[in-house]
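To start, the structure itself, in structure tokens.
In this note's numbering, the protein residues as written are 298 to 710.
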């Protein structure tokens with residue numbers, strides 16, 4: 298690759314071919330900047346494609362004031378990005394690729410055919426037509442002594458001299474798809490302020506389930522239930538009982554406070570409401586009805602419809618004396634405590650928390666200590682629940698970094 302002095306226009310190297318990196322590349326190409334994307338995997342967008350298996354949830358139709366609260370303590374920083382590219386703008390952008398979208402019953406937004414691959418194919422076609430060059434099996438190794446980017450590829454190592462760099466390297470989950478967190482050490486060596494990567498939208502572990510519960514119900518879903526943490530409002534949905542503990546969409550929604558409680562106290566408590574649509578007094582009345590010669594299992598089934606994994610978990614987490622007292626048993630059914638003592642490994646998580654702190658970046662997502670180096674996507678220090686919020690912020694941050702890199706080049710020349 299030629300030195301920048303020999304090029305007719307500036308070159309930006311985008312490291313990472315996920316949604317944030319590709320969006321940065323598109324923004325730069327639209328500004329007339331030469332763009333080359335480098336991705337370590339055999340093809341780009343691999344995590345994006347896997348996230349689309351079973352239905353590509355691209356964003357959410359929730360009203361903006363509620364939407365932005367999903368980013369918790371980083372709401373202010375993400376709001377600044379979404380103001381330039383929100384959920385509605387993302388939908389319009391997708392429509393511009395010839396892909397229609399629709400809103401599901403939960404408010405989540407999907408491509409009409411529910412698939413990620415057609416969207417990615419259309420996007421890559423447009424990027425290549427715009428002159429974006431994409432290199433796969435090209436892994437960033439950091440910088441050489443004279444400031445060039447070190448890129449390993451099948452034939453050896455390249456020295457790439459770019460006028461600016463956008464890093465969009467993902468977090469630390471799903472390493473087999475490219476998000477392996479290897480960039481943390483490279484940036485830490487340059488003095489970049491990084492919050493440790495931690496699992497987000499992840500499963501949690503209990504101290505132990507009984508062998509009976511594991512053998513009969515590991516992998517079983519609990520539907521039409523609600524989960525809460527102490528002093529927090531419950532949320533309805535479903536989750537899955539695992540051999541190690543719990544996982545699934547409703548657990549993921551609580552993952553940030555659960556993780557922080559475990560970090561702080563060594564454990565966290567989820568309160569499981571097995572019958573969220575029935576008040577505790579009605580449950581107690583039903584339980585107080587004579588059961589005659591019927592077993593407690595049949596009584597629970599006949600009066601409350603509790604059986605299977607729900608009844609098994611109630612038995613697992615409730616002492617025998619409670620079953621003799623309708624009021625106590627009703628209270629347990631409405632707030633069954635599940636004590637969690639560990640977080641499942643980061644590589645199993647859907648996403649990761651932590652990353653490059655916003656305090657280390659300017660408003661354009663440029664690293665304060667590394668002029669001309671911008672960061673975007675999941676490698677930034679934020680997290681969000683599933684439901685399209687993750688992807689929306691990744692797209693928005695990529696767009697911001699791409700435009701900011703173009704602006705910086707204009708000021709620097």
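Positions of the beta carbon are idealized from the N, C-alpha and C atoms, including for glycine. Quick caveat: nothing in here was measured; it's all calculated off a predicted structure.
Those residues which DSSP pairs with residue i across a bridge
| i | result |
| --- | --- |
| residue 533 | 523 |
| residue 439 | 447 |
| residue 399 | 407 |
| residue 636 | 566 |
| residue 538 | 543 |
| residue 502 | 542 and 639 |
| residue 658 | 664 |
Residue i in three-state terms, based on DSSP
| i | result |
| --- | --- |
| residue 514 | helix |
| residue 368 | coil |
| residue 405 | strand |
| residue 375 | helix |
| residue 508 | helix |
| residue 493 | strand |
| residue 433 | coil |
| residue 546 | helix |
| residue 570 | strand |
| residue 565 | strand |
| residue 454 | strand |
| residue 663 | strand |
| residue 613 | helix |
| residue 681 | coil |
| residue 620 | helix |
| residue 352 | coil |
| residue 300 | The predicted position of residue 300 is uncertain, since its pLDDT is 45 and thus under 50; a value taken from the coordinates is nonetheless stated next. In the structure shown, residue 300 sits in coil (DSSP, three-state: anything other than H, G, I, E or B). |
| residue 345 | helix |
| residue 359 | coil |
| residue 381 | coil |
| residue 652 | strand |
| residue 312 | strand |
| residue 289 | In the structure displayed, the chain extends from 298 to 710; residue 289 sits before or after that span and is not available. |
| residue 605 | helix |
| residue 676 | helix |
Residue i and residue j closer than 8 Å at C-beta
| i | j | result |
| --- | --- | --- |
| residue 403 | residue 384 | no |
| residue 459 | residue 308 | yes |
| residue 474 | residue 338 | yes |
| residue 671 | residue 464 | yes |
| residue 374 | residue 699 | no |
| residue 559 | residue 478 | no |
| residue 683 | residue 356 | no |
| residue 652 | residue 622 | no |
| residue 502 | residue 542 | yes |
| residue 576 | residue 531 | no |
| residue 680 | residue 500 | no |
| residue 326 | residue 424 | yes |
| residue 519 | residue 535 | yes |
| residue 643 | residue 507 | no |
| residue 704 | residue 371 | no |
| residue 600 | residue 626 | no |
| residue 673 | residue 662 | yes |
| residue 329 | residue 343 | no |
| residue 489 | residue 381 | no |
| residue 379 | residue 701 | no |
Residue i, enclosing beta strand (DSSP E) - first and last residue
| i | result |
| --- | --- |
| residue 335 | 331 to 335 |
| residue 647 | No beta strand (DSSP E) contains residue 647, which DSSP labels as neither H nor E. |
| residue 630 | Residue 630 -> not in any beta strand (DSSP E); alpha helix (DSSP H) instead, spanning 623 to 631. |
| residue 671 | 670 to 672 |
| residue 461 | 461 to 464 |
Start and end residues, alpha helix (DSSP H) containing residue i
| i | result |
| --- | --- |
| residue 699 | 686 to 709 |
| residue 474 | Per DSSP, residue 474 belongs to no alpha helix (DSSP H) and is neither H nor E. |
| residue 307 | It is not in any alpha helix (DSSP H) - residue 307 carries neither H nor E in the DSSP assignment. |
| residue 481 | 480 to 485 |
| residue 582 | 577 to 585 |
| residue 320 | 316 to 327 |
| residue 422 | 414 to 426 |
| residue 394 | No alpha helix (DSSP H) contains residue 394, which DSSP labels as neither H nor E. |
| residue 593 | 593 to 601 |
Check: residue i C-beta below 7 Å from any heavy atom of the ligand SAH
| i | result |
| --- | --- |
| residue 650 | By its list of ligands, the structure shown contains no ligand whatsoever, and the ligand SAH lies outside what it can speak to. |
- Please confirm if the stretch 557 to 570 is in contact with the stretch 629 to 648, defined as three or more CB-CB distances below 8 Å between the two stretches. yes
- Item | Meets three-Cβ-pair contact criterion under 8 Å: the stretch 327 to 345 and the stretch 413 to 431 | yes
- Query: Would the stretch 602 to 618 and the stretch 512 to 530 be scored as touching if the rule is three or more Cβ pairs under 8 Å?
  - Reply: yes
- When the Cβ atoms of the stretch 379 to 394 are set against those of the stretch 342 to 350, are three or more pairs found closer than 8 Å? no
- Query: Counting Cβ pairs, one atom from each stretch, are 3 or more of them under 8 Å apart for the stretch 435 to 444 and the stretch 314 to 329?
  - Reply: no
- Message: Three or more C-beta pairs under 8 Å: does that hold for the stretch 643 to 652 against the stretch 480 to 498?
- Response: yes
- Message: Check whether the stretch 358 to 369 and the stretch 410 to 417 touch, using three or more Cβ-Cβ pairs below 8 Å as the test.
- Response: no
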